[in-house]
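For the sequence shown, counting from 1, position 217 maps to 370 in the numbering used here; every step adds exactly one.
Idealized CB from N, CA, C, for every residue including glycine.
Owing to the predicted nature of the structure, the values given are computational and were not obtained by experimental measurement.
Have a look at the structure below, then the notes.
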Amino acid sequence: MHNKPISELANDLVAKTVSSVELTQYFLSRIEQHENLNAFITVDPEFSLAQAREADRRIQQGDKSALIGVPIAHKDIFCTKGLLTTCGSRILSNFVSPYDATVIDRLNQNGAVILGKTNMDEFAMGSSNETSYFGPVKNPWDNATVPGGSSGGSAAAVAARIAPAATGTDTGGSIRQPAAFCGVTGFKPSYGQVSRYGMVAFASSLDQGGPITRSAEDAALLLNVVAGFDARDSTSVQRQTTDFVAGLGEDVQGLRIGLPTQFFGHGLDSEVERTVREALQEYEKLGATLIDIDLPNSDLCVPCYYVLAPSEASSNLARYDGVRYGYRAPDYSNLIDMYMKTRAEGFGEEVKRRIMIGTYALSAGYYDAYYVKAQQLRRLIAQDFEQAFAQCDVIMGPTTPTTAFAIGSKTDDPIAMYLNDIYTISVNLAGLPGISIPVGLDSTGKPIGLQIIGQYFGDTHVLNAAHRFQMTTDWHQLEPPGD
Ligand code: GLN
Numbered sequence: 154m155h156n157k158p159i160s161e162l163a164n165d166l167v168a169k170t171v172s173s174v175e176l177t178q179y180f181l182s183r184i185e186q187h188e189n190l191n192a193f194i195t196v197d198p199e200f201s202l203a204q205a206r207e208a209d210r211r212i213q214q215g216d217k218s219a220l221i222g223v224p225i226a227h228k229d230i231f232c233t234k235g236l237l238t239t240c241g242s243r244i245l246s247n248f249v250s251p252y253d254a255t256v257i258d259r260l261n262q263n264g265a266v267i268l269g270k271t272n273m274d275e276f277a278m279g280s281s282n283e284t285s286y287f288g289p290v291k292n293p294w295d296n297a298t299v300p301g302g303s304s305g306g307s308a309a310a311v312a313a314r315i316a317p318a319a320t321g322t323d324t325g326g327s328i329r330q331p332a333a334f335c336g337v338t339g340f341k342p343s344y345g346q347v348s349r350y351g352m353v354a355f356a357s358s359l360d361q362g363g364p365i366t367r368s369a370e371d372a373a374l375l376l377n378v379v380a381g382f383d384a385r386d387s388t389s390v391q392r393q394t395t396d397f398v399a400g401l402g403e404d405v406q407g408l409r410i411g412l413p414t415q416f417f418g419h420g421l422d423s424e425v426e427r428t429v430r431e432a433l434q435e436y437e438k439l440g441a442t443l444i445d446i447d448l449p450n451s452d453l454c455v456p457c458y459y460v461l462a463p464s465e466a467s468s469n470l471a472r473y474d475g476v477r478y479g480y481r482a483p484d485y486s487n488l489i490d491m492y493m494k495t496r497a498e499g500f501g502e503e504v505k506r507r508i509m510i511g512t513y514a515l516s517a518g519y520y521d522a523y524y525v526k527a528q529q530l531r532r533l534i535a536q537d538f539e540q541a542f543a544q545c546d547v548i549m550g551p552t553t554p555t556t557a558f559a560i561g562s563k564t565d566d567p568i569a570m571y572l573n574d575i576y577t578i579s580v581n582l583a584g585l586p587g588i589s590i591p592v593g594l595d596s597t598g599k600p601i602g603l604q605i606i607g608q609y610f611g612d613t614h615v616l617n618a619a620h621r622f623q624m625t626t627d628w629h630q631l632e633p634p635g636d
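Now the structure itself:
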């Protein structure tokens, strides 16, 4: 049961061969068996089973909504009415949202069941899930290594088959990088495709929600439900609705795949490179052509991001002051002291580092030197992609320079941690869609991801390219050992 695609689960539910209550109970017990992974922050069986009963009632009445009765786990960054939403932080450790995020709302309307809220790096800042106030998540492939971050709980849950599918968010790689480390499929849609309403803000111009699933087909199905214009998010793009599942029928014959020389250079692990090149050969067999391309400003992506993302974060996180909601320091002498103690106690080290960097970059004396410069660079990075797409239809390369690393091995070196996202960050800076799919294992049995990047709002082509690979290979079916 836990290996079935969500489309099949939905069919079984509608055909009444299994009830949503049974299915939900089944995954809840799997979550319990895999508690050591620490993949979830909140699991509330009563809440989930009440939703499952409601889905069963709707099925009885003939409701055939796409995800009716299917249990789905959510990154704890999506506001859920009546359930904790902590964003992996102490400062929101007691926060129960009075409303649902649009993503949750659309899934609820379609009858999906909330299986629980997954662990994540605090405020989505991190690449290893180690900045979570609720402790690190373990990678199901090797419990001594990280699952990646910041959507590490979601990726670990899908990999361990304790959730049929999950949501994540990606500001600089947080869907794709954990998907690569956990051997699952993670899709970051074009910026503006999925509403950010009710998604706790980190860096608003980069944040984008998306699915973490076992296959591109499941991702398309989930996206069909959550994507689309939302008047409550001013950056949500109003376009004709796309049927992402129907878009999976394209051939890749003649597809021009661009390979950025910068993605295959210094710092790339040789086993990752070899495996990615083997996957590319598979595409050639399917009739695609490989073209070398240039993304000349690639080396500036990480520095550019680490000015812009902290700047936006420093502004977004100003709202956590102990007055409106969330944690408040118990002892203080006056209002300023309350603010200071609340933030000092409520935020972790990485979040404080980002707030300080961002506040500095936005300060009157340094705004032009850092923030404005980074914005100019962002433009150039987007232009690099525009020029590359004159020669190719999609871009491919490794998702990450290495496979999952040991827990604790990079926590003292923020720069080494930041470099994990060297191939993913530019995609967010340019607002493009990108997916990571599993394409093999290294010699120690850890998953390797291939990244596919598309043109702005070319989400369907990206999903289709991933799907075509998954139709002829079975890396996405591989399960972590020992279950
Ligand atoms: N690892 C990057 C960071 O720490 C990206 C995180 C994300 O995509 N949310 O900011």
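- For Lys-505, the three-state secondary structure derived from DSSP is helix.
- For Arg-409, the enclosing beta strand (DSSP E) begins and ends at 409-413.
- Between the region 218-227 and the region 312-323, the count of C-beta pairs closer than 8 Å reaches three or more; the two stretches touch.
- Here Ala-333 really is in contact with Ile-601; their C-beta atoms are around 7 Å apart, less than 8 Å.
- Here the alpha carbon of Phe-416 sits roughly 8 Å from the alpha carbon of Ser-451.
- Counting other Cβ atoms within 10 Å of its Cβ, Thr-625 stays below 16 and is therefore classed as exposed.
- For Ser-589, the enclosing beta strand (DSSP E) begins and ends at 587-594.
- Linking Leu-594 to Arg-427 through their CA atoms gives a straight-line distance of about 11 Å.
- In this structure, ligand 1 has no non-hydrogen atom nearer than 6 Å to the beta-carbon of Thr-298.
- DSSP links Met-278 through a beta bridge to no other residue.
- Sixteen is the threshold: when 16 or more other Cβ atoms of the shown chains lie within 10 Å of the Cβ of Ser-250, as they do, the residue is buried.
- If you draw a straight line from the Cα of Ala-369 to the Cα of Leu-616, it comes to about 6 Å.
- Contact check between the region 379-388 and the region 157-176: fewer than three CB pairs, one atom from each, fall below 8 Å, which does not count as touching.
- Residue pairing by DSSP places Thr-320 opposite Pro-364 in a beta bridge.
- Contact check for Ser-307 against Ile-365 passes: the beta carbons are separated by less than 7 Å.
- Annotation note: the region 529-601 contains the following uninterrupted beta strand (DSSP E) runs of length 3 or greater, listed N- to C-terminal: 547-551 and 587-594.
- For Asn-292, DSSP records a beta bridge to Asp-295.
- For Phe-180, the enclosing alpha helix (DSSP H) has its first and last residue at 173-186.
- Under the 10 Å beta carbon count, Lys-438 is surrounded by fewer than 16 other beta carbons and is classified as exposed.
- Per DSSP, reduced to three states, the secondary structure at Thr-239 is coil, with no helix or strand assignment.
- Taking the Cα positions, Ala-441 is about 7 Å away from Ile-410.
- The region 438-512 contains, as complete alpha helix (DSSP H) runs of 4+ residues, the segments 454-469 and 488-499 (chain order).
- When distances are taken from the beta-carbon of Gly-325 to the heavy atoms of ligand 1, the shortest one is below 6 Å.
- The beta carbon of Asp-295 sits closer than 8 Å to the beta carbons of Ala-557, Thr-597, Gly-598 and Lys-599 from its chain, once the five residues preceding and following it are set aside; these are given in chain order.
- With contacts defined as CB atoms closer than 7 Å, Val-504 and Phe-355 fail to qualify as a contacting pair.
- Inter-segment contact for the region 264-276 and the region 501-518 is present: three or more beta-carbon pairs are separated by less than 8 Å.
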